[in-house]
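Peer 1: One structure, pasted below without further comment.
There are 2 protein chains.
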Amino acid sequence: MPAAADATPLALVCGGGSFPMAVADSALRDGRPVVLFAIRGFADPDSVQRYDHEWIHLGAVEKLISLLRRRGCHDIVIVGNVLRPHWWQIRLDLMTIRLLPRILAAMRGGDDHMLSRLAEFVEEQGFALMGAHEVAPDLLVPAGVLGSVQPRPADLEDARIGLDVVRTLGPFDVGQGVVVARRHVQAVEAAEGTDWMLERCALLRQRGRVKLPDRAGVLVKAPKPGQDRRVDLPSIGRLTVEMAAKAGLAGIAVEPGGVMAVGMAEMVREADRLGLFIYGIAE
Amino acid sequence: MPAAADATPLALVCGGGSFPMAVADSALRDGRPVVLFAIRGFADPDSVQRYDHEWIHLGAVEKLISLLRRRGCHDIVIVGNVLRPHWWQIRLDLMTIRLLPRILAAMRGGDDHMLSRLAEFVEEQGFALMGAHEVAPDLLVPAGVLGSVQPRPADLEDARIGLDVVRTLGPFDVGQGVVVARRHVQAVEAAEGTDWMLERCALLRQRGRVKLPDRAGVLVKAPKPGQDRRVDLPSIGRLTVEMAAKAGLAGIAVEPGGVMAVGMAEMVREADRLGLFIYGIAE
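Respectively, the protein sequence lines represent chains B and L. Following full-length UniProt numbering, the numbering of the first sequence begins with 1 at its first residue and continues without gaps. Following full-length UniProt numbering, the numbering of the second sequence begins with 1 at its first residue and continues without gaps.
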């Protein structure tokens, strides 16, 4: 990153959830000014107003670019959920409409494809698309055991199998999450997301479809191999720990440096309280 | 198969569902006598009594073997669900108790491993474990389009991707089913089973988490590569078609010769009525 760009305010294009604010706080702790470009209808107004910010509409690319230029931004990070937009939340300006064929073409062929096209476009406009992990590296889950609960040998084996599954599924642009229990793959995450998969694992046990002792099995999360890490690194948090506990799992294992955690200290406290380990898989 | 064995009555060890009866009917149509060894609490008594049969308890291996010998059986097929047995449904006889260490060892390491150990044991006792597909080949879904609805090029592409995913996951002993829609993997089946996965796909659309036009996406089923096909070939039926329709899919694609269908004609009629294709993927 050139020193000149580093001095410019960081642009955080900000959807829903608490993740954008965690990234902003981390960058501010590093002494870098931050401007939130908060997407109306998604970003939380109460949180947004605590930061230097601009409101934007989803789909208003031209407006966003002119605001980015006016604020002297160079580095852009896109964070937070933009799930299920309603039509009235989308405002297409002229530039967006001109871009529609490219946007539609990018939407074919999986998330990774779309994200690389987005990065290309941002660069054409003279900006740089960065990953949350680059501006807020303290949000990445490190290698090793995080809390006071240690994974047992059977857990380490489950973690290893889970990591293999995620990596094997990489070419299909799917499966940042998988649950392995006693060497059996219990669930593979696709479009439903991690929370829903963990709910399913809890039900599989309740309904007796999967018979396991309590605290057996590991949730494994890792980025897809070759994934553009600038957008959408997998993440875990306190809720993930709670849902993993409800699913009867022994802990959570992640690819170190490849998975983010919002509220890491709080998450680890909760894991300790519930008796789950959190482990950055040592290779 | 030696001619001598072929003349002996076929032993169908029979759990729940209608699948065992479909296999019995198919063998009988071929002129082969059949004896059902119906597992108490699982096999349906009304259906069982229409056939020459013996009742057995789950877990009573010694008793089963003596019955098999008394009936002059040589070839054994095991079919039907034995899901979630209650303790009072299990009767361990002396032979089973002696076998317990082997059974427990076989239960580690995935379904495939367990099935090969089972086949080994059956052969040691002088019997042969056969697959339902060997004694009832007319239950296998053939290559090509089965009903009157044709898959479109986009569906064929989804089917191909789905088959790749199933084959890639083979080494992990998981995923006989997968849903692919417009080149995106929507869901991967693990311990939850096909029906549950299809319910999830329906919910993913209802909740707007996946946005697709109606009748887009394909359920793909195929045996795991290297799977011992003598037990537990994947299957589809009328219910699968109905659930695929509710999930908004365009059709069902299977590995021809690798997936069984109970009530094939009825299933195809239902698929035609609902506008879904059923397709044995041509390689």
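Glycine included, C-beta positions come from ideal geometry on N, C-alpha and C.
1) Taking Cβ-Cβ distances shorter than 9 Å, what residues in chain L pair up with T168(B)?
2) With DSSP collapsed to three states, give me the class of F19(B).
3) Checking the sheet assignment: what are the DSSP bridge partners for S235(B)?
4) Quick check: what's the CA-CA separation for R84(B) versus P256(B)?
5) Less than 8 Å between C-beta atoms, sequence neighbours within five positions excluded: which residues of the same chain meet that for C73(L)?
6) Hey, does G41(B) have any beta-carbon neighbour from chain L nearer than 9 Å?
7) Beta-carbon within less than 6 Å of P33(L)'s beta-carbon, same chain only, minus the 5 sequence neighbours each way: which residues are those?
8) Look at the alpha carbon of A132(L) and the alpha carbon of A271(L), and state the distance between them as a whole number of angstroms.
9) Can you check which of these residues, C201(B), G208(B), I56(B) and F121(B), is closest to residue 284(B) by C-alpha distance?
10) Can you look up A3(B) in the DSSP assignment and give me helix, strand or coil?
11) In the DSSP output, what is F37(L) paired with across the bridge?
12) Please list, in chain order, the chain L residues whose beta carbon lies closer than 8 Å to that of V135(B).
13) Could I get the ranges of all uninterrupted alpha helix (DSSP H) runs contained in the UniProt domain "LpxI C-terminal" (142-279) of chain B, with 4 residues as the minimum, in chain order?
14) Taking the beta strand (DSSP E) that A60(B) falls in, what are its first and last residues?
15) Among the residues of its own chain, which have a CB less than 7 Å from the CB of G147(L), if the five just before and after it don't count?
16) Below 8 Å on the Cβ atoms is my guess for V218(B) versus D158(B); work out the distance and round it to an integer in Å.
17) So which residues of chain D does Q186(B) contact, with C-beta pairs closer than 8 Å?
18) Using 8 Å for Cβ pairs, my map puts A181(L) next to L212(L). What's the rounded Cβ distance?
19) State the DSSP-derived secondary structure class of D30(L), mapped to helix, strand or coil.
20) Can you give the Cα-Cα distance for V185(L) and V79(L), rounded to whole angstroms?
21) Using a Cβ-Cβ cutoff of less than 6 Å, which residues in the same chain neighbour A24(L) once the five nearest sequence positions on both sides are dropped?
22) How far does the beta strand (DSSP E) with D75(L) in it extend, from its first residue to its last?
23) May I have the straight-line CA-CA distance separating V165(B) from Q227(B), to the nearest angstrom?
24) Does the beta carbon of L204(B) sit closer than 9 Å to a beta carbon anywhere in chain L?
25) What in chain L is Cβ-close to V268(B), meaning under 8 Å?
26) At which residues does the alpha helix (DSSP H) containing A132(L) begin and terminate?
27) List the residues of chain B that R200(L) touches, going by C-beta distances under 8 Å, in chain order.
Peer 2: If we stick to the structure as given:
1) Within 9 Å Cβ-Cβ: T168, L169, P171 and F172.
2) Helix, per DSSP.
3) When DSSP reads this structure, S235(B) sits in a beta bridge with M260(B).
4) Any answer about R84(B) is weak, because its pLDDT of 49 lies below 50 and its placement is not dependable; what the coordinates show is given next. Our two residues, R84(B) and P256(B), have alpha carbons roughly 30 Å apart in a direct line.
5) Excluding positions up to five away in sequence, the list reads T8, P9, L10, A11, V35 and F127.
6) Cβ-Cβ to chain L under 9 Å: no for G41(B).
7) Excluding positions up to five away in sequence, the list reads P9.
8) Roughly 24 Å separates the two Cα atoms.
9) Outside the shown range of chain B, which is 1 to 283, sits residue 284(B), and nothing can be said about it.
10) Because A3(B) carries a pLDDT of 43, less than 50, the predicted location of this residue cannot be relied on, and the following value inherits that uncertainty. It is helical.
11) For F37(L), which the question treats as bridged, DSSP gives the partners V13(L) and E54(L).
12) In chain order: nothing, as chain L lies at least about 29 Å away.
13) Qualifying alpha helix (DSSP H) stretches, in chain order: 153-169, 194-206, 238-246 and 264-274.
14) Taken as a continuous stretch (DSSP letters only), A60(B) belongs to no beta strand (DSSP E), as it is neither H nor E.
15) Short of 7 Å from the beta carbon of G147(L), and not among the five residues preceding or following it, lie these beta carbons of its own chain, in chain order: V268, A271, D272, F277 and I278.
16) Confirmed, about 4 Å.
17) Judged by its chain identifiers, the structure shown contains no chain D, and its protein chains are B and L.
18) Contact holds; Cβ gap of about 5 Å.
19) D30(L) falls in the coil class under three-state DSSP.
20) Going by the C-alpha atoms only, they are around 31 Å apart.
21) Answer for A24(L): L12, V34 and Y51, listed in chain order.
22) Where D75(L) is concerned, the enclosing beta strand (DSSP E) stretches over D75 to V79.
23) Their backbone Cα atoms lie some 15 Å apart in a straight line.
24) Yes, contact with chain L.
25) Neighbours of V268(B) in chain L, taken as residues at a C-beta separation under 8 Å, are lacking, since the least C-beta distance is about 28 Å.
26) A132 to V135 is the extent of the alpha helix (DSSP H) around A132(L).
27) By Cβ distance, chain B contributes E192, W196 and R200.
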